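*Asks:* Here it is, the structure, as structure tokens.
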Amino acid sequence: MTLQDSDIDKVKPEEKQYSFLNLGPTHPATHGIFQNVLKMDGEIIVDAQPTIGYIHRAFEKLAERRPFYQITPITDRLNYCSAPINNIGWHMTVEKLIKAEIPKRVQYLRVIVMELARITDHLICNAVIGVDTGALTGFVYLFQQRELVYEIYEEICGARLTTNIGRIGGFERDFSPKAWDKIHQFLREFPKVLKEFENLLKRNRIFMDRTIGCGGITAERALQYSFTGVNLRAAGVDYDVRVAQPYSSYQDFEFSIPVGINGDVYDRFMVRQEEMWQSLSIIEQAIKNLPEGPYHAEIPDFYLPPKEEVYNNMEALIYQFKIVMGETDVPKGEVYHCVEGGNGELGFYLVSDGGRTPFRLHFRRPCYIFYQAYPEIIRGSMLSDAILTMSSMNVIAGELDA
Amino acid sequence: MFSTEEEKIISVLRTQYDDQVLLTEKLYDFLTITLKADKIIEVITLLRDHPDTQFKFLTTLCGIHFPDLGQIAVMYQLHNMHNGMRIRLKVYLPQEMPVVPTLTTVFPGANWMERETYDFYGVVFEGHPDLRRILNVEEMIIFPLRKEYPLEDQTREDKADEMFGR
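So this is what it looks like as structure tokens:
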């Protein structure tokens, strides 16, 4: 007896058999340690159950035992694709707590570093979208450019990936002539490469067919899920912390906030692409209008004195000792400071009881908050679209699990 | 002390839920309001829907443990994207039995934030659709961010250090 078409219609939905697919935790296509148990109907995803926490490192607990300056390396390991933004965001939080006056030059230098970090973050994400749609060329090509930015970090602070850049109050040293050379070289060479990458994918028929209408979310739903950053802007909401609450002199710069319409993978790609052009223009403006002045604030209670003075000057020695031993008094209070990170509003909520360590430090990690909408976004789509959606949302495992 | 916009927010709260407001203060650039726990969801719904406040965006939510008071605070931070106002709401719960109604009915994004708070502080959010541990393992029996638990397991002997202590 053969099965008729009419027999298939008689099958009740609850008798339908689903298969379960374990995507992750270590799957090359998820670009990090994410596990999703997918309930599949053929190749259509019916439901997804994400499990996170595979690289949870208890940062919030660790921070309660560390003096303020020792928390900077922890923030590196949140969104490690744009570590300098996290570092500087943390410095600014402490500066807000101690009400430090930051010189204009430091603010401009910070803007340069943060915009370079934003470029690397978006660069990786867009290149990975290319990889997941089958275009490996752009990825390999753009990684060379990321290397140039990492060399700039290296000239500024000595580290590359987990930068630990700057200090509370400014930078540990002024940018060296070699660092400036590398920044100028990057500004000369990068636009050509970025343009070439854009030409490769922007109006590419295959890429557009693959990404338009894939992994979309409406603006209303995105706001309900507390989306921020590129994912929110791609859905059409022009919220950017740099404009909404300017920090570090962002109000001095002329730049626009690109927004998308559908909130799908293609819109996210295009918003990131445009933001990279805007970041380049911000860096150029910062270099052009860079004020003269010191590279750190005058806060001897928090900013380490120069080493030669420590050996020859009693006062500097005392300050050095007090800072390293974590014996500086801080005011009691509660501070929230947020910066526009690579993938959204990165916030630091710091409760200080006047002790040498924070009483409580809470990181508002943007991708922890928007990743919870992932099952809803991929429901009803194909498995290959789910992978593309995850890479386009820029979910970073380190930030997700804290 | 308060700006006119902050006065407006406080007066909206005072007219409807005067008995719920325990303390209004300004901490750095933030209006912080301490409330009673039982009607917190109604208060947040009012702040979201009232035309004078329009706090339609939940920025973050977290717990804070105060061992001296014997209380756990839950902090809600709301954001009005139209005029850039932000507000912080706090409720204090007894540490033996921290129970507060869930915010997921108002903001779906509160789901994982509440799970995280449960995971680290043991705050039970009544009515939450899926209140399980999220970052720690299911088998864990403590709530690790509470102050009574030290950073490292003090019973470990493999890392004993006589010279500098732990």
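Chains as they are written, first to last, in the working numbering: chain Z, 1488 to 1889; chain E, 607 to 772.
Even for Gly, the Cβ is constructed at its ideal location relative to N, Cα and C.
This one's a predicted model, so the numbers in the text were calculated from it and none came from an experiment.
(1) Alpha carbon to alpha carbon, how far is residue 1536(Z) from residue 625(E)?
(2) When the Cα atoms are used, what is the spatial distance from residue 607(E) to residue 632(E)?
(3) Bridge partners for residue 1825(Z) per DSSP, in chain order?
(4) Cβ of residue 1749(Z) within 8 Å of Cβ of residue 1703(Z)?
(5) Using the Cα positions of residue 710(E) and residue 1583(Z), report the straight-line distance between them to the nearest angstrom.
(6) Taking 8 Å as the threshold (C-beta atoms), are residue 1655(Z) and residue 1836(Z) in contact?
(7) Under 6 Å Cβ to Cβ from residue 1562(Z), same chain only, skipping five residues before and after it: list those, please.
(8) Buried or exposed for residue 1601(Z), please, with buried defined as at least 16 other CB atoms from any protein chain shown within 10 angstroms of its CB.
(9) Which same chain residues, not among the five before or five after residue 1810(Z), have their C-beta less than 6 Å away from its C-beta?
(10) Tell me whether the beta-carbon of residue 1642(Z) lies closer than 8 Å to the beta-carbon of residue 1666(Z).
(11) If you drop the 5 nearest sequence neighbours on each side, which residues of the same chain put their C-beta closer than 7 Å to that of residue 1879(Z)?
(12) Taking 8 Å as the threshold (C-beta atoms), are residue 677(E) and residue 698(E) in contact?
(13) Tell me, please, whether the CB atom of residue 647(E) is closer than 8 Å to any CB atom in chain Z?
(14) Of the choices 1709(Z), 1547(Z), 1516(Z), whose alpha-carbon is the least far from that of residue 1863(Z)?
(15) Please name the residue in 1870(Z), 1888(Z), 1889(Z) whose C-alpha comes closest to that of residue 1516(Z).
(16) I want to verify the contact list: residues of chain Z whose CB lies under 9 Å from the CB of residue 690(E), in sequence order.
(17) So with CB distances below 7 Å, who are the chain E contacts of residue 1716(Z)?
(18) Less than 8 Å between C-beta atoms, sequence neighbours within five positions excluded: which residues of the same chain meet that for residue 1706(Z)?
(19) Three-state secondary structure (DSSP) at residue 1586(Z)?
(20) Considering only the beta carbon of each residue, do residue 1592(Z) and residue 1782(Z) sit closer than 8 Å?
(21) Is the region 1538-1549 of chain Z touching the region 730-747 of chain E in the sense that three or more CB pairs, one from each, lie closer than 8 Å?
(22) With DSSP run on the structure shown, which of helix, strand or coil describes residue 637(E)?
(23) What's the call for residue 1845(Z), buried or exposed, on a 16-neighbour Cβ count within 10 Å?
(24) Thinking C-alpha only, which one of 1631(Z), 1633(Z), 1629(Z), 1662(Z) is nearest residue 1644(Z)?
(25) In the DSSP assignment, what are the bridge partners of residue 668(E)?
(26) Note the first and the last residue of the continuous alpha helix (DSSP H) segment covering residue 1875(Z).
(27) Going along the chain, which residues of the region 1806-1817 of chain Z sit with their C-beta nearer than 7 Å to a C-beta in chain E?
(28) Please report whether the beta-carbon of residue 1605(Z) lies at a distance below 8 Å from any beta-carbon of chain E.
(29) Whose CA, out of 1653(Z), 1772(Z), 1887(Z), 1855(Z), lies closest to the CA of residue 1579(Z)?
(30) Would residue 1684(Z) and residue 1629(Z) qualify as a contact pair, given that the criterion is a beta-carbon distance under 8 Å?
(31) Check for me: the alpha helix (DSSP H) holding residue 698(E) runs from which residue to which?
(32) For residue 1508(Z), does the count of other Cβ atoms within 10 angstroms reach 16, so buried, or fall short, so exposed?
*Replies:* In terms of the structure at hand:
(1) Those two C-alpha atoms are separated by around 42 Å.
(2) In a straight line, the C-alpha of residue 607(E) is about 8 Å away from that of residue 632(E).
(3) 1834(Z)
(4) Against a cut-off of 8 Å, the Cβ pair of residue 1703(Z) and residue 1749(Z) comes out as a contact.
(5) 32 Å
(6) no
(7) 1573, 1574, 1577
(8) buried
(9) 1791
(10) yes
(11) So the qualifying residues of the chain are 1616, 1702, 1752, 1755, 1756.
(12) yes
(13) no
(14) Of 1709(Z), 1547(Z), 1516(Z), the residue nearest in Cα terms is 1709(Z).
(15) Out of 1870(Z), 1888(Z), 1889(Z), the CA that lies nearest to the CA of residue 1516(Z) is found in 1870(Z).
(16) What residue 690(E) touches in chain Z, judged by beta-carbon distance under 9 Å, is 1731, 1732, going in chain order.
(17) Simply none; closest approach about 13 Å.
(18) Excluding sequence neighbours, residue 1706(Z) sits near 1719, 1722, 1723, 1724, 1750.
(19) If DSSP states are grouped into helix, strand and coil, residue 1586(Z) belongs with coil.
(20) yes
(21) yes
(22) Assigned with DSSP and collapsed to three states, residue 637(E) falls in strand.
(23) buried
(24) 1662(Z)
(25) 681(E)
(26) 1870-1879
(27) none
(28) no
(29) 1653(Z)
(30) yes
(31) Element bounds for residue 698(E): not the alpha helix (DSSP H) but the beta strand (DSSP E), 691-700.
(32) exposed
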